[in-house]
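**Q** Sharing a structure with you now.
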Amino acid sequence: NKNLDDELFFVGREKEIRIIKNNLEHSSNNIYKSCFISGEAGIGKTQLLNKLAQDISKDSWIILKGSCNESDKQFFLQPWDYLAKQLHERVVKEKIQIPKLWQDVISYFFPSFDQTVETLDIDTIERIESVKFQVSFDAVIGALRMLSLKKPIIIIFDDIHWMDNYSYNLLSSLLVKLNNILLIATFRDSYQREIEAKAFSTLRKNSFQFISLSRFNREETLLFVKKYDPTLTINEDILDRLYLKTEGIILFIIEYLSIFKENSDNLLDSRKVESILRSRLNELNPLEQKILNISSVFVNNIDLNFLLNYLNNDEDDVFEAIESLQNQKLLKEVSEEDSICYQFSHSILRDFIYSNLSYTSKKRYNDKIASFYERCLKNHPRDRFLYPRIIAHFEKAKNIEKVLTYSIKNLSAYSSINLEQFPFIHKSEFIEPIDFESIFSNIDNLLDNIHIEPVRKKQYEMDYLYIKGKYYIRNGEYKIGVHCIDTFIKYAEEIKSYNHMIDGYHQIIYYCIQVNDLNKMHLYLNKIQKISSQNSDVKEKGTLYRWRGLYAIRVEDFDNAVDYLHKSIEIFKNLSLLENKYVVNIAAAYNYLGNINKYKGDYLTAIEFYKKAISLCESNNIMKGLDIFYTGLGQSYYESGQFEEADKYIKKALEYFIKYQNSWGRAIAEGYAALLARDKNDIAGYQHHLSTGEYYANKLKNPYSMALIERIKQLDNT
16 NKNLDDELFF
26 VGREKEIRII
36 KNNLEHSSNN
46 IYKSCFISGE
56 AGIGKTQLLN
66 KLAQDISKDS
76 WIILKGSCNE
86 SDKQFFLQPW
96 DYLAKQLHER
106 VVKEKIQIPK
116 LWQDVISYFF
126 PSFDQTVETL
136 DIDTIERIES
146 VKFQVSFDAV
156 IGALRMLSLK
166 KPIIIIFDDI
176 HWMDNYSYNL
186 LSSLLVKLNN
196 ILLIATFRDS
206 YQREIEAKAF
216 STLRKNSFQF
226 ISLSRFNREE
236 TLLFVKKYDP
246 TLTINEDILD
256 RLYLKTEGII
266 LFIIEYLSIF
276 KENSDNLLDS
286 RKVESILRSR
296 LNELNPLEQK
306 ILNISSVFVN
316 NIDLNFLLNY
326 LNNDEDDVFE
336 AIESLQNQKL
346 LKEVSEEDSI
356 CYQFSHSILR
366 DFIYSNLSYT
376 SKKRYNDKIA
386 SFYERCLKNH
396 PRDRFLYPRI
406 IAHFEKAKNI
416 EKVLTYSIKN
426 LSAYSSINLE
436 QFPFIHKSEF
446 IEPIDFESIF
456 SNIDNLLDNI
466 HIEPVRKKQY
476 EMDYLYIKGK
486 YYIRNGEYKI
496 GVHCIDTFIK
506 YAEEIKSYNH
516 MIDGYHQIIY
526 YCIQVNDLNK
536 MHLYLNKIQK
546 ISSQNSDVKE
556 KGTLYRWRGL
566 YAIRVEDFDN
576 AVDYLHKSIE
586 IFKNLSLLEN
596 KYVVNIAAAY
606 NYLGNINKYK
616 GDYLTAIEFY
626 KKAISLCESN
636 NIMKGLDIFY
646 TGLGQSYYES
656 GQFEEADKYI
666 KKALEYFIKY
676 QNSWGRAIAE
686 GYAALLARDK
696 NDIAGYQHHL
706 STGEYYANKL
716 KNPYSMALIE
726 RIKQLDNT
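Numbering (our numbering), first residue to last: 16 to 733.
Here it is in structure tokens:
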């Protein structure tokens, strides 16, 4: 491993070095700009100073380095003592004769200045006790002025946020009084306001420059690692993990590499990291500490409303404490729709605070946060964005029933959009795919371990069975899917729950549509008609008409199909006057009207209906169903010989199939994509689309799709 003081070891910061060197090389009238370098702990400020001290020409400059430590704040002028020693050495080297009084005063206040002095004229110094600090300042400034006549001087201070006030005053005085002396100093960005008040305020705006060091990006992190230890083999997974843990902070990178060699992945195993984190938290007041303790429990951003509701402090005090934490670079504000939220400046800081909370505190805070998010629910589709947070916090609070409740609600919210062919929605939003099998496994485990009264447990099991059945039917795993739904229907019929019966019957009809089981479809259509008429359910009547229309299409009774579909459209148009969430249902009926004309060979009329369905959805910002509608449109263009248009819309259809991970109908789109590729003599494209189409046709066992793929394959034999 490289030592960070090794003159050969330095990575990055080219821009910052260039700015500082440009200032040194292009000063006007020997007036130099001081430079303040800020950054968080461990970001590489010290290494940058060392690099600058190494690179700056000693022939052109005299470099004097001061030293600041956390303990220095308790002692007057301590940071200047080591610099005073260097000042004496340079004065001797340059054969400069400074007044005896100056020597005595400087040596009195800074013993390292001249350790050869055996006796001091203490009486003279004691007589000026009332102005002793000003006298010491004048002596140091005078000596520096004489030395600067030989060469301009660069004074370097690392971590000036640890300076005592007298040291600040001396520093400010000499920068104001001496033109050919400049300062290069670093400080933690969490102390910026303090530094601005103490140092910046005494300097002219054009007499200093300010540089803020940012964290390394991923590429810079990799370069650093390679140079720090060329023997390490870092693959992409390790680099991703390293960057995630360290977030590009140099000290953390070094410590991570050290613990990584010891087969550890936890930065908190590093004493250096722990020491830095403790030092950042030592000066917090009780309210600030409590805010951070609570904040460390949040799995997402820290919600201001929760802090205001939970803390018993005055609202102004809470805001003041949060602002202080932001100024100290411990928290940062982030936007989250309608809420004001915060994040930790570094994830390891959050981990450190959380790891030091008691088990009871963690459990209590998690329960409070989960309950807060529960109160934020509005019985709206967007509630699904809160479910994962509620689940995570109740899970940590060990509230199994709440975890089960919201796990099923979350799954239901997702499946109501992504597993429904034509859902009732105002508009569609892209939802990231979820791992159903993993969630099923978690819910199975919860059901196995929950101990509640049998009736409540049965209700959870039924809601869960419904979602499982819907999922497996959509994915062509009909045996398990239909079994789940049959069990669900049996339970719904036992308790005479209309809504549950309707939901179950719907899923059986979806199954019948996919496998073309017309007898069973007819049976369940009659079941729906019977119970929906008893309950005067107008919405269900509209859905039933659409399905009767589809059934009539399947048995080639096109006249009745058209009649049913127009009745469905009329019902949903009337309902849309009250609530605009039936657009997809109207569009679905237009799609089936397009299918009727396509089967009749009237492709121009079919195209009109498909475009009507597409326009209706797109004008309402609804993407659901467009994969099916574009497939029908592309199909009709192909059959009418308009191949460019066919290619355009089949490609669009496939984009939606892939984006929304919909299997239903994809085999048809892939089949026509294969035909279009074949016509262009694109053999690779043809084979790809044909094999993909065959996969989805076989997966869903849809007779129409399977027949289409088989017909395309037969073309190779002609």
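Even for Gly, the Cβ is constructed at its ideal location relative to N, Cα and C.
Suppose only complete runs of 4+ residues qualify. What are the alpha helix (DSSP H) ranges in the segment 246-298, listed by chain order?
**A** 251-261, 265-276, 286-296
**Q** Please classify A712 as buried or exposed, where buried requires at least 16 other C-beta atoms within 10 Å of its C-beta.
**A** buried
**Q** Going by alpha carbons, who is nearest to I488 out of L272, N381, N677?
**A** Of the listed residues, the one whose Cα sits closest to I488 is N677.
**Q** From D662 to I673, what does the alpha carbon distance come to, in whole angstroms?
**A** Per the coordinates, the alpha-carbon of D662 lies some 17 Å from the alpha-carbon of I673.
**Q** Give the DSSP-derived three-state secondary structure of S311 in the structure shown.
**A** coil
**Q** At the level of alpha carbons, what is the spacing between C499 and I543?
**A** 19 Å
**Q** Taking only the alpha-carbon atoms, compute the straight-line gap between H408 and T375 and give it to the nearest angstrom.
**A** 14 Å
**Q** Take E144 and list the residues in its own chain whose beta-carbon comes closer than 6 Å to its own, dropping the five residues that flank it on each side.
**A** Note that E144 scores 47 on pLDDT, short of 50, meaning its location in the model is unreliable; the coordinates nonetheless yield the value given after this. So the list is empty, once near-sequence residues are dropped.
**Q** Looking only at its chain, what residues have a beta carbon closer than 6 Å to the beta carbon of G519, apart from the 5 residues adjacent to it on each side?
**A** I500, F503, I504, A507
**Q** Does DSSP classify F510 as helix, strand or coil?
**A** Position check: residue 510 holds Ile in this sequence, whereas Phe was assumed. In this structure, I510 counts as coil in the three-state DSSP scheme.
**Q** Report all residues from its chain with a CB closer than 6 Å to the CB of S591; omit the five preceding and five following residues, and keep chain order.
**A** Y597
**Q** Straight-line CA distance for S188 to I291?
**A** 32 Å
**Q** Using 8 Å as the threshold, is the segment 338-354 in touch with the segment 272-279, meaning 3 or more CB pairs across them?
**A** no
**Q** Any contact of the segment 408-417 with the segment 455-469, i.e. 3+ C-beta pairs under 8 Å?
**A** In this structure the segment 408-417 lies against the segment 455-469, because at least three pairs of beta carbons, one per stretch, are closer than 8 Å.
**Q** Do the segment 61-73 and the segment 88-107 meet, that is, are 3 or more Cβ pairs less than 8 Å apart?
**A** no
**Q** If we count the other Cβ atoms within 10 Å of its Cβ and call it buried at 16 or more, is I213 buried or exposed?
**A** Here residue 213 is Lys; the residue named in the question, Ile, does not match the sequence. K213 comes out buried.
**Q** Looking at C-alpha atoms only, which residue of E270, R233, L266 is the closest neighbour of D255?
**A** R233
**Q** Looking only at C-alpha atoms, which of L307, A684, A154 sits nearest to I121?
**A** A154
**Q** In this structure, how does DSSP classify N717 when only helix, strand and coil are distinguished?
**A** coil
**Q** Alpha carbon to alpha carbon, how far is T248 from G54?
**A** 30 Å
**Q** Nearest to E480 by CA position, among D459, Y539, N490, is which residue?
**A** The sequence given here has Leu at residue 480, not Glu. The candidate whose alpha carbon is nearest that of L480 is D459.
**Q** Using the Cα positions of G616 and S651, report the straight-line distance between them to the nearest angstrom.
**A** 9 Å
**Q** Closer than 7 Å by C-beta to A99: which residues in its own chain qualify, once you throw out the five before and the five after it? Chain order, please.
**A** I121, F125, S127, F128
**Q** On a Cα-Cα basis, can you pick out the residue from F321, A689, I196, S655 that is closest to R160?
**A** I196
**Q** In terms of alpha-carbon separation, which member of Y206, A428, S222, D244 lies closest to L340?
**A** When only C-alpha atoms are compared, the closest one is Y206.
**Q** Looking at the secondary structure, which residues open and close the alpha helix (DSSP H) in which I488 lies?
**A** 469-489
**Q** Assess, as a yes-or-no matter, whether the segment 78-87 is touched by the segment 170-185 under the definition of 3 or more beta carbon pairs within less than 8 Å.
**A** Verdict: yes, contact present.
**Q** Using the DSSP secondary-structure output, state which residues sit across from Q358 in a beta bridge.
**A** K347
**Q** Going by DSSP, which residues form a beta bridge with T620?
**A** T620 pairs with nothing; no bridge assigned.
**Q** Tell me L198's beta-bridge partners as DSSP assigns them.
**A** L198 pairs with I170.
**Q** For I78 and P167, I'd like the C-alpha separation in whole angstroms.
**A** Going by the C-alpha atoms only, they are around 9 Å apart.
**Q** Tell me whether the beta-carbon of L307 lies closer than 8 Å to the beta-carbon of I368.
**A** yes
**Q** Sort I264, E209, S72, W76 by Cα distance to R28 and report the nearest one.
**A** I264
**Q** Looking at the structure shown, is S227 part of a helix, part of a strand, or coil, going by DSSP?
**A** Strand, per DSSP.
**Q** Let me confirm a value: A684 is counted as buried when at least 16 other C-beta atoms fall within 10 Å, else exposed. Which label applies?
**A** Counting Cβ neighbours within 10 Å, A684 comes out buried, since at least 16 surround it.
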